[in-house]
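A.B. asks: In this text, residue positions in the sequence shown follow this note's numbering: the first is 11, and each later residue adds one.
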Amino acid sequence: AMEGAYKALSKLKDEKVISAIGVGLNETEMCVRFAEAGDFDCMILAGRYTLLEQSGLNDFFPLALKKKIGVILAGVFNSSILVKGVNSNSTYDYGKIPNHIAEKYFKIDKICKEYNVPVGAAALQFCNAHEVVSTMILGMDHPNQVKENIDLFHYKINKEIWHKLIKENLIDSR
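Spelled out as structure tokens, the structure:
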């Protein structure tokens, strides 16, 4: 990719034919490799920075900040678990939900219920709060989900919930 596609895109950017170069991945390690190998404007990271998983905080996010790479998050609901809950039909990362992920979801759900916060609202607002995140891609399969997601995004959340999630080691304090 770096020897072929990237070189062609870089040339097009230098010629002002395109204005940005990006890549979409679902592994933070690959984001780091691409960020170190080229001059990217944005990267899509799918499913790896969510309430259930915060990989990238040690390596990719600091590098993205340093190199001014806009991070576009996709999969912020982790295959819809964070809006629909865990049930027998739920999947995670295209497969069966690992026990540790299901357990983490139930702990997060319990705290969200204590504070009367929909898990989906916490999921969206958590992902959007990091300074390196420039936008989010929300998968929707019905038009009414547009309004539902807007409502979740604007749901008033007491900041104490974040302190509790950190205290319980469910989210990283960063």
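Ideal placement from N, C-alpha and C gives every residue a C-beta, glycine not left out.
Who are the Cβ neighbours of residue 69 in its own chain at under 6 Å, not counting the five residues just before and after it?
C.D. replies: Reading the sequence shown from its first residue, position 59 is the one you call residue 69. So the qualifying residues of the chain are 42.
A.B. asks: With a Cβ-Cβ cutoff of 9 Å, do residue 163 and residue 179 count as a contact?
C.D. replies: Position 153 of the sequence shown holds residue 163. Position 169 of the sequence shown holds residue 179. Contact flag unset, no.
A.B. asks: Where DSSP assigns a beta bridge to residue 54, which residues make up the other side?
C.D. replies: Numbered from its first residue, the sequence shown carries residue 54 at position 44. According to DSSP, residue 54 bridges with 34 and 82.
A.B. asks: In terms of alpha-carbon separation, which member of 136, 38 and 158 lies closest to residue 168?
C.D. replies: Indexing the sequence shown from 1 puts residue 168 at position 158. Out of 136, 38 and 158, 136 has the C-alpha closest to the C-alpha of residue 168.
A.B. asks: Thinking C-beta only, is residue 79 closer than 9 Å to residue 52?
C.D. replies: The count along the sequence shown starts at 1 and reaches residue 52 at position 42. The count along the sequence shown starts at 1 and reaches residue 79 at position 69. In contact: residue 52 and residue 79 (Cβ atoms closer than 9 Å).
A.B. asks: Could you spell out the range, first to last residue, of the beta strand (DSSP E) harbouring residue 144?
C.D. replies: Numbered from its first residue, the sequence shown carries residue 144 at position 134. Residue 144 -> beta strand (DSSP E) spans 143–147.
A.B. asks: Could you name each continuous alpha helix (DSSP H) segment of 4 residues or more that falls completely within the region 65–124, going from the start of the chain to the end?
C.D. replies: The qualifying runs are 70–77, 91–94 and 109–124.
A.B. asks: For the putative contact between residue 142 and residue 71, defined by C-beta atoms under 8 Å, what is the C-beta separation to the nearest angstrom?
C.D. replies: On the sequence shown, residue 142 is found 132 positions in, with the first residue counted as 1. On the sequence shown, residue 71 is found 61 positions in, with the first residue counted as 1. Residue 142 to residue 71, Cβ: 5 Å. Contact.
A.B. asks: Return the chain-ordered list of same chain residues with a C-beta closer than 8 Å to the C-beta of residue 96, the five sequence neighbours on each side being excluded.
C.D. replies: Mapped onto the sequence shown, residue 96 falls at position 86. Same-chain partners within the cutoff: 107, 112, 115 and 116.
A.B. asks: Does the Cβ-Cβ distance between residue 31 and residue 147 come in under 9 Å?
C.D. replies: Here residue 31 is taken as the residue at index 21 of the sequence shown, counted from 1. Here residue 147 is taken as the residue at index 137 of the sequence shown, counted from 1. Going by C-beta atoms, residue 31 is not nearer than 9 Å to residue 147.
A.B. asks: Since residue 183 is in the alpha helix (DSSP H), which residue starts that stretch and which ends it?
C.D. replies: For the purposes of this step, residue 183 is taken as the residue at position 173 of the sequence shown. That residue, residue 183, is in no alpha helix (DSSP H); it is neither H nor E in DSSP.
A.B. asks: Need the endpoints of the alpha helix (DSSP H) that residue 158 sits in, please.
C.D. replies: Position 148 of the sequence shown, counted from the first residue, corresponds to residue 158. Here the alpha helix (DSSP H) through residue 158 covers 154–164.
A.B. asks: How would you call residue 88, buried or exposed, if buried means at least 16 neighbouring beta carbons within 10 angstroms?
C.D. replies: One-based indexing of the sequence shown puts residue 88 at position 78. Buried.
A.B. asks: Which residues in the same chain have their Cβ closer than 6 Å to the Cβ of residue 36, if we skip the five residues on either side of it in sequence?
C.D. replies: Walking along the sequence shown from the start, residue 36 turns up at place 26. For residue 36, where only same-chain residues beyond five positions count, the Cβ hits under 6 Å are 56 and 57.
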